[in-house]
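Novice:
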């Protein structure tokens, strides 16, 4: 089995990506980050998902992004609530974390080089969240090109790193249907940016809004409890 | 004054780079990393250098690279001693840390985006240490291209990030002469991978060998104490 590094946040997209990498026959090295994000619950979800998927290893790395700031996810900026899907899709949201995906992918590249993996799986998609610059195909291609110049394995020609983004052109409903067909238990995942004190998803942040719309359009029941 | 992020390890190259960025009139945001490196003394050097250079801010971020491993600097691999300059220049050394410069530059990019900087200064040079893939000009160009696709500021066209590597084609003696002419106190810097228990530079690791050769060729006295 060929090893693959899979970025795993514990949400719907990365969990479905993990299941797709498994279906392709990869031995799975799941990589998560504690980066000062508000929704630390997603790390617990990542651990549940990794265990359920039978990964070879799950590495959770700490990052100091909170000290860099600049995002509603890592600094004291209010997370927007109750926005429409149209409003969410317009412009770059305040939940954008500067260079976050570049930092995540750079660590994935380091780990891939050490364990001998070529494929790095990343659950980016452009349709629902077109506002994130570091989810676009031209960005992913530029990262892949840089990655093969950056590394010993790339330079020596012994390996060619690839960024695999199988969800890139799926909408949320298609992603959920794909995960469902692969046997993903979405009850293990987490999406909400600001869960309530009693552990429910808020139902109103951008992440909840897109998730619920996706389940509704997929005609599937979202197993998570919602406060609103 | 235009803000610039400067990667600062506390060695000769990054210290000279910091002095060059200062001479160009930038307001300086120095960025260092505690990444599980053996030679933690370089962080103390970075703090001394940043203070002496009058930086606007010095941020030291923690990274979990030790848990990824794969390098003599972060894992339990012996640092080579007593190698000739020719041997050091041949091939990629065991002190190469997988994707390290990509991880460093990704954090610099994040900080640059938050503070409104365009220039990221990086003391890479290809001549003495041709073995590091992530010091080559083609790598730096690929990173710069990726960086402008990755970020909100790059996408909106409000800024263009540049990777400034002013030492790229200098040898160590030229770097030392440049730093000297800018008033750098090299007694504040640190280079050795494995200092002795009594706080001297070992004199035998690749980093010491290249540093001492550089000072000798520059015709300048190296103020550091050496054990051998």
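Residue numbers (the numbering used here), protein chains in the order written: chain F, 354 to 581; chain U, 354 to 581.
Positions of the beta carbon are idealized from the N, C-alpha and C atoms, including for glycine.
Given the structure is predicted, the values throughout are model-derived calculations rather than measurements.
1) Report the residues of the stretch 485-506 of chain U with a CB closer than 8 Å to any CB of chain F, ordered along the chain.
2) If contacts are defined as beta-carbon pairs under 8 Å, then residue 371 of chain U and residue 361 of chain U qualify, I think. What distance do you get, rounded to the angstrom?
3) Helix, strand or coil for residue 360 of chain F? Go by DSSP, reduced to three states.
4) Taking the alpha carbon of residue 491 of chain U as the point to measure from, which residue in F/479, F/488 and F/504 has its own alpha carbon closest?
5) With DSSP as the reference, label residue 385 of chain F as helix, strand or coil.
6) By DSSP, does residue 557 of chain U sit in helix, in strand, or in coil?
7) Shorter than 8 Å from the beta carbon of residue 452 of chain F to some beta carbon of chain U?
8) Name, please, each residue of chain U whose Cβ falls closer than 8 Å to the Cβ of residue 449 of chain F.
9) Please return the same chain residues whose Cβ sits closer than 7 Å to the Cβ of residue 562 of chain F, not counting the five positions on each side in sequence.
10) Where DSSP assigns a beta bridge to residue 533 of chain U, which residues make up the other side?
11) With a cut-off of 8 Å on the beta carbons, I'd call residue 359 of chain F and residue 384 of chain F a contact; round off their distance for me.
12) By DSSP, does residue 472 of chain U sit in helix, in strand, or in coil?
13) Kindly indicate which residue of U/409, U/545, U/394 and U/574 has the alpha-carbon position closest to the one of residue 355 of chain U.
14) Could you check where the alpha helix (DSSP H) with residue 397 of chain U kicks off and where it finishes?
15) Which one or two residues does DSSP pair with residue 333 of chain F in a beta bridge?
16) Residue 515 of chain F lies in the beta strand (DSSP E); which residues open and close that run?
17) Using a Cβ-Cβ cut-off of 8 Å, state whether residue 417 of chain F counts as contacting chain U.
18) Compile a chain-ordered list of the residues in the stretch 383-412 of chain U whose CB is closer than 8 Å to at least one CB of chain F.
19) How long is the line joining the alpha carbons of residue 433 of chain U and residue 484 of chain F, rounded to whole angstroms?
20) Given a limit of 7 Å on CB to CB distance, which residues of the stretch 426-446 of chain U reach chain F?
21) Does the stretch 409-420 of chain U come within contact of the stretch 375-383 of chain U, defined as at least 3 CB pairs closer than 8 Å?
22) Can the beta-carbon of residue 480 of chain F be found closer than 8 Å to that of residue 452 of chain U?
23) Residues of chain F with CB closer than 9 Å to the CB of residue 529 of chain U, please, in chain order.
24) Taking beta-carbon pairs under 8 Å, can you tell me which members of the stretch 512-527 of chain F lie near chain U?
25) Check this for me: beta carbons of residue 421 of chain U and residue 467 of chain F, under 8 Å apart or not?
26) Determine the closest residue to residue 528 of chain F out of F/516, F/550, F/546 and F/565, with distance taken between C-alpha atoms.
27) So that I know if they touch, is there some Cβ in chain F lying closer than 8 Å to that of residue 466 of chain U?
28) Run through DSSP, which three-state label would residue 424 of chain F get?
29) So the candidates are U/534, U/531, U/404 and U/525; which of them puts its Cα closest to the Cα of residue 582 of chain U?
30) Give the straight-line distance between the Cα atoms of residue 531 of chain U and residue 474 of chain U, rounded to the nearest whole angstrom.
31) Which stretch, first to last residue, makes up the alpha helix (DSSP H) that contains residue 520 of chain F?
32) Given residue 506 of chain F, which residues of its chain have a CB within under 6 Å of its CB, disregarding the five upstream and five downstream residues?
33) Kindly indicate if chain F contains any beta-carbon less than 8 Å away from that of residue 359 of chain U.
34) What does the Cβ neighbour count give for residue 429 of chain U, buried or exposed, with the cut at 16 atoms within 10 Å?
35) Assuming residue 541 of chain U contacts residue 398 of chain U under a Cβ cut-off of 8 Å, what Cβ separation, rounded to an integer in Å, is found between them?
36) With which residues is residue 412 of chain F paired in a DSSP beta bridge?
Specialist: Let me lay it out:
1) 486, 487, 489, 491, 492, 495, 496, 498, 499, 500, 502, 503, 504 and 505
2) 6 Å
3) strand
4) F/504
5) strand
6) Shown here, residue 557 of chain U sits in coil according to DSSP, grouped into three states, outside any helix or strand.
7) Cβ-Cβ to chain U under 8 Å: yes for residue 452 of chain F.
8) For residue 449 of chain F, the neighbours in chain U by C-beta distance under 8 Å run, in chain order, 505.
9) Closer than 7 Å at Cβ, skipping near neighbours: 436, 438 and 441.
10) None; residue 533 of chain U has no bridge partner.
11) 7 Å
12) strand
13) U/409
14) 394-406
15) The structure shown does not extend to residue 333 of chain F, since chain F is modelled only from 354 through 581, so no value can be given for it.
16) 515-517
17) yes
18) 412
19) Computed Cα separation, rounded: 48 Å.
20) 445
21) yes
22) Against a cut-off of 8 Å, the Cβ pair of residue 452 of chain U and residue 480 of chain F comes out as no contact.
23) The premise fails here: residue 529 of chain U is roughly 27 Å from chain F at the closest Cβ pair, so nothing lies under 9 Å.
24) none
25) yes
26) F/565
27) yes
28) coil
29) Residue numbering for chain U in the displayed model covers 354 to 581; residue 582 of chain U lies beyond these limits and cannot be assessed.
30) 16 Å
31) No alpha helix (DSSP H) contains residue 520 of chain F, which DSSP labels as neither H nor E.
32) 466 and 512
33) no
34) exposed
35) In this structure residue 541 of chain U is in contact with residue 398 of chain U, their Cβ atoms being roughly 6 Å apart against a cut-off of 8 Å.
36) F/384
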